[in-house]
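Take a look at the structure set out below.
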Amino acid sequence: MTWDASGCDTAINHLPVIEFAFPGPVRDRIVTAILAGEKTATSSLLQEYDAPGERLPVIGDRGAVIDSRSARVGIIRVVDVRVVALGDPPSLLTPPRRRPSIRERRDGWRHRPR
């Protein structure tokens, strides 16, 4: 699943919660990376969606990212969903190319010649 992150708005309280890891330092690092635009994808096991009431994310789904204090700190929108065999795609095993963070893109736009 991949997404784009956007800042909080008044609708954030009405969105379903999206949690990454357990509360603590790992979650805090992940949330910081999401908000900085450095983390734009995640993966999970298909089996996790077999639980009652669970469904695979759908392109366009939005959710509120929570931090370790359960505060809603950002919104993500699903832009891609793929179901693949764990051992098949070598591209999933290689590190992705680094893309500029949202902050880097914003700073580049601010400092471009006019």
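Okay, so the sequence shown: first residue is 1 according to the UniProt record's numbering, each after it adds one.
Each residue gets a CB set at the ideal place from its N, CA and C atoms; glycine is no exception.
Outcome for residue i when other beta-carbon atoms lying within 10 angstroms are tallied against a minimum of 16
| i | result |
| --- | --- |
| ILE76 | buried |
| VAL31 | buried |
Rounded distance between the beta-carbons of residue j and residue i, thought under 8 Å
| i | j | result |
| --- | --- | --- |
| ALA71 | ILE12 | Not confirmed; about 10 Å, so no contact. |
| LEU46 | VAL83 | 6 Å |
Proximity of residue i and residue j at Cβ, strictly below 8 Å
| i | j | result |
| --- | --- | --- |
| LEU35 | GLY74 | yes |
| ARG69 | LEU15 | no |
Per-residue DSSP class, three states only, for residue i
| i | result |
| --- | --- |
| ASP28 | helix |
| ALA64 | strand |
| ARG105 | helix |
| ILE76 | strand |
| ILE59 | coil |
| ALA41 | strand |
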